[in-house]
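The structure appears right after this line, and notes come after that.
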Amino acid sequence: MSHESTKSRSLVISYLTLRKAIGVLGLSLPFVLVLGALILFATPLQGSISDYYYTGMRDVFVGIMCAIGVFLFSYRGYERKDDLAGDLAGLFAIGIALFPTKPSPADLVTAQQQVISQIHTLFTALFFLTLAYFCLRLFIKTTPDMPPTPEKLMRNRIYRICGYTILASILLIALYLFVLNGEKKPFAALKPVFWFETLAVLAFGLSWLVKGEAILKDQKHDAPAGDRGDN
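So for the sequence shown, the working numbering puts the first residue at 1015; every next one is plus one.
In structure tokens:
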């Protein structure tokens, strides 16, 4: 095996590992926050993932979001738009950590906290929209001169399901908060925002695990892992 071939394979493995790391962080985020807050601090389920900023799990929440952001900044695809999407998603992830949502109760929120919370909401929406773009536009691409493998076709189905799940979750959160004014309704006790956010985060994590070939890896091909059938 030539030096260039060995170097290329090492780079591919590194990028696959990076994708898996992003996926693992995404999948673990809600579980780590909920279980950590409950077991270590006896803190009940919060209204949203972002609300864990105001619990004993604050540093964990900020740390995981910043780690996701750094990993996304490090992500490099095959085209400039892949790199740009990764950089933007990384920026939005870090913005979510640095600009926290407003604390509760709402009547004690200062004007400054309200503005910061609005920035947080904007970063959150842009973060999830960028992740949906990865799933629905970038991850489903196929190498032009190679037919997609059966595994690649299945991966594409998963990417689309994850992308539409993220979009549906964003829409449902917006409907609940801004149309139904759900925070002031009795079913707010069910924590719907938390569950919709968790659904979106799990879809995000799953899509990146699949992209990292932790799931549905091509069984037989001549190209280095991650090259055939994937962008």
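By construction, the Cβ of each residue, glycine as well, lies at the ideal position given by its N, Cα and C atoms.
Remember, predicted model here, so these are calculated numbers, not experimental data.
Should residue i go down as buried or exposed, given a rule of 16 or more other Cβ atoms within 10 Å for buried?
{"i": "Leu1204", "result": "exposed"}
{"i": "Ala1125", "result": "exposed"}
{"i": "Asp1159", "result": "exposed"}
{"i": "Ala1099", "result": "buried"}
{"i": "Ala1120", "result": "exposed"}
{"i": "Gly1077", "result": "exposed"}
{"i": "Leu1220", "result": "buried"}
{"i": "Lys1225", "result": "buried"}
{"i": "Ile1053", "result": "exposed"}
{"i": "Thr1031", "result": "exposed"}
{"i": "Tyr1092", "result": "exposed"}
{"i": "Pro1058", "result": "exposed"}
{"i": "Ser1183", "result": "buried"}
{"i": "Pro1044", "result": "buried"}
For the alpha helix (DSSP H) containing residue i, list its first residue and its last residue.
{"i": "Arg1094", "result": "Arg1094 to Leu1112"}
{"i": "Pro1206", "result": "Pro1206 to Lys1225"}
{"i": "Arg1169", "result": "Pro1164 to Ala1188"}
{"i": "Ala1125", "result": "Ala1125 to Tyr1147"}
Taking Cβ to Cβ, would you say residue i is nearer than 8 Å to residue j?
{"i": "Gly1061", "j": "Trp1222", "result": "no"}
{"i": "Val1207", "j": "Tyr1190", "result": "yes"}
{"i": "Leu1047", "j": "Val1074", "result": "yes"}
{"i": "Gly1109", "j": "Phe1087", "result": "no"}
{"i": "Phe1085", "j": "Gly1070", "result": "no"}
{"i": "Ala1111", "j": "Met1079", "result": "yes"}
{"i": "Phe1142", "j": "Ile1180", "result": "yes"}
{"i": "Ser1064", "j": "Pro1114", "result": "yes"}
{"i": "Arg1171", "j": "Cys1149", "result": "no"}
{"i": "Asp1096", "j": "Leu1152", "result": "yes"}
{"i": "Phe1106", "j": "Leu1140", "result": "yes"}
{"i": "Phe1210", "j": "Leu1194", "result": "no"}
Helix, strand or coil for residue i? Go by DSSP, reduced to three states.
{"i": "Arg1090", "result": "coil"}
{"i": "Ala1051", "result": "helix"}
{"i": "Phe979", "result": "Residue 979 cannot be examined here, being either before or after the span of the chain that is shown, 1015 to 1245."}
{"i": "Ala1056", "result": "coil"}
{"i": "Pro1044", "result": "helix"}
{"i": "Met1071", "result": "coil"}
{"i": "Lys1034", "result": "helix"}
{"i": "Ser1118", "result": "coil"}
{"i": "Ile1229", "result": "coil"}
{"i": "Leu1039", "result": "helix"}
{"i": "Asp1159", "result": "coil"}
{"i": "Asp1194", "result": "The sequence shown places Leu at residue 1194, not Asp. Reduced to three states, the DSSP call for Leu1194 is coil."}
Does at least one heavy atom of the ligand SAH sit under 7 Å from the Cβ of residue i?
{"i": "Phe1142", "result": "Among the components modelled here there is no ligand, and therefore nothing to report on the ligand SAH."}
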